[in-house]
């Protein structure tokens, strides 16, 4: 212990003298080298390594030829057996990024992987560090995070693929909770920022490729919170189209494929949320999809009785959303188009009512849906 204390005292004295010097002097370079060696050494005490973590960023910009060594030293500290040293390493990553902005994305990638930590105190430090990186380069860091949500599996070995699979829910959770406030308030408001474009484009790509469970997390937890889906309602049509494409693809699979029908219902429920409940997209576009794909007797028979009731209730709820827009149409629709959709629902009502009663699911949703269909028929006959 006395030897470690003497070594640290000597290095501290050298660092203090080097701090007085300005620029890339030989004394500063020597002190920088000592700090890097201190971080790498398996013989260094935890106190010594923590000191190195705090000091290395102060010398980082002076010696470009030593950048890689310094970064590797900081990364080593993040893997130390001592929790305190690891946390000092996480903070050192942030200080390095402040010193050299070209390191921000690379360091953010390392921090994203550290979201796997099982230690609550360490995880809190990692998340704070990630938020600081997000503030430094919003589009770049959001891009890094999204690379851990959807990724080209062909380029990965099994171990890498499993690591990515473990990281995906952690990244989605971070984006939808810890980072959401900053994303909504600072980085995507007002709409149209580069960060918003990066995030939205990558999340839409994710919805195209991921399972319904992850798509639901993305839509509910992130996308619908963004200002662009609250101030520019036509933007939601992009989300709606991706969801309907996924629903259509699973609907077209073989009749007896129960998992694919479950997937269809999951994506339809999300489309219903976006287009009819939140009105973040065109309800007319959603209703046209229903009328084209889900009013045939044979198609409806594919679903379980409970799901048939749900699907038909979505049709009538979306019709109600369209009717609410008739006095002041939006999303590129006009009154004539909305009235045409209304008539098409009435034309399909005999099949829809028959399917409802054949389902023998006598719950509140069924009776509400029957009432809506009868009201639509009554309005047409007036």
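Residue numbers (the working numbering): 1 to 382. Idealized CB from N, CA, C, for every residue including glycine. Quick caveat: nothing in here was measured; it's all calculated off a predicted structure.
Check whether residue i and residue j have beta carbons under 8 Å apart
i: residue 116; j: residue 61; result: no
i: residue 366; j: residue 309; result: yes
i: residue 57; j: residue 95; result: yes
i: residue 337; j: residue 326; result: no
i: residue 270; j: residue 312; result: no
i: residue 248; j: residue 293; result: yes
i: residue 148; j: residue 112; result: yes
i: residue 282; j: residue 240; result: yes
i: residue 31; j: residue 73; result: no
i: residue 109; j: residue 172; result: no
i: residue 372; j: residue 316; result: yes
i: residue 141; j: residue 105; result: yes
i: residue 284; j: residue 341; result: yes
i: residue 197; j: residue 143; result: no
i: residue 180; j: residue 145; result: no
i: residue 291; j: residue 376; result: no
i: residue 305; j: residue 360; result: yes
Residue burial classification, residue i (beta-carbon count within 10 angstroms, cutoff 16)
i: residue 13; result: exposed
i: residue 390; result: Residue 390 is absent from the structure shown; the chain starts at 1 and stops at 382.
i: residue 388; result: Since the displayed the chain opens at 1 and closes at 382, residue 388 lies outside it and no answer follows.
i: residue 157; result: exposed
i: residue 102; result: exposed
i: residue 229; result: buried
i: residue 296; result: exposed
i: residue 42; result: exposed
i: residue 55; result: buried
i: residue 107; result: buried
i: residue 234; result: exposed
i: residue 118; result: exposed
i: residue 374; result: exposed
i: residue 132; result: buried
i: residue 378; result: exposed
i: residue 362; result: exposed
i: residue 272; result: buried
i: residue 258; result: exposed
i: residue 318; result: buried
i: residue 26; result: exposed
i: residue 206; result: buried
Segment limits, alpha helix (DSSP H) that includes residue i
i: residue 263; result: 258–272
i: residue 163; result: 158–176
i: residue 94; result: 83–99
i: residue 304; result: Segment: none, residue 304 is in no alpha helix (DSSP H) and carries neither H nor E.
i: residue 357; result: 349–359
i: residue 105; result: 104–113
i: residue 292; result: 283–293
i: residue 252; result: Neither: residue 252 is in no alpha helix (DSSP H) and is coded neither H nor E.
i: residue 51; result: 46–59
i: residue 120; result: 120–136
i: residue 32; result: 26–40
i: residue 207; result: 194–209
i: residue 70; result: 67–77
i: residue 215; result: 212–221
Option in the options with minimal Cα separation from residue i
i: residue 250; options: 225, 273, 208 and 7; result: 208
i: residue 344; options: 287, 152, 259 and 357; result: 287
i: residue 34; options: 272, 195, 52 and 119; result: 52
i: residue 245; options: 204, 222 and 280; result: 204
i: residue 222; options: 279, 38 and 178; result: 178
i: residue 87; options: 114, 378, 300 and 200; result: 114
i: residue 69; options: 85, 29 and 98; result: 29
i: residue 225; options: 280, 36 and 241; result: 280
i: residue 128; options: 258, 147 and 90; result: 90
i: residue 7; options: 25, 48 and 26; result: 48
i: residue 150; options: 93, 210 and 175; result: 210
i: residue 83; options: 123, 378, 66 and 98; result: 123
i: residue 323; options: 276, 289 and 63; result: 276
i: residue 185; options: 145, 242 and 227; result: 227
i: residue 380; options: 236, 339, 50 and 126; result: 339
i: residue 299; options: 266, 319 and 261; result: 261
i: residue 170; options: 201, 218 and 189; result: 218
i: residue 182; options: 206, 130 and 220; result: 130
i: residue 346; options: 358, 63, 266 and 369; result: 369
i: residue 126; options: 264, 253, 93 and 364; result: 93
i: residue 76; options: 195, 212 and 36; result: 36
i: residue 19; options: 10, 267 and 59; result: 59
Below 8 Å, how does it come out for the stretch 128–137 and the stretch 147–162: are there three or more Cβ pairs, yes or no? Proximity of the stretch 128–137 to the stretch 147–162 falls short of the contact definition, fewer than three beta-carbon pairs being nearer than 8 Å.
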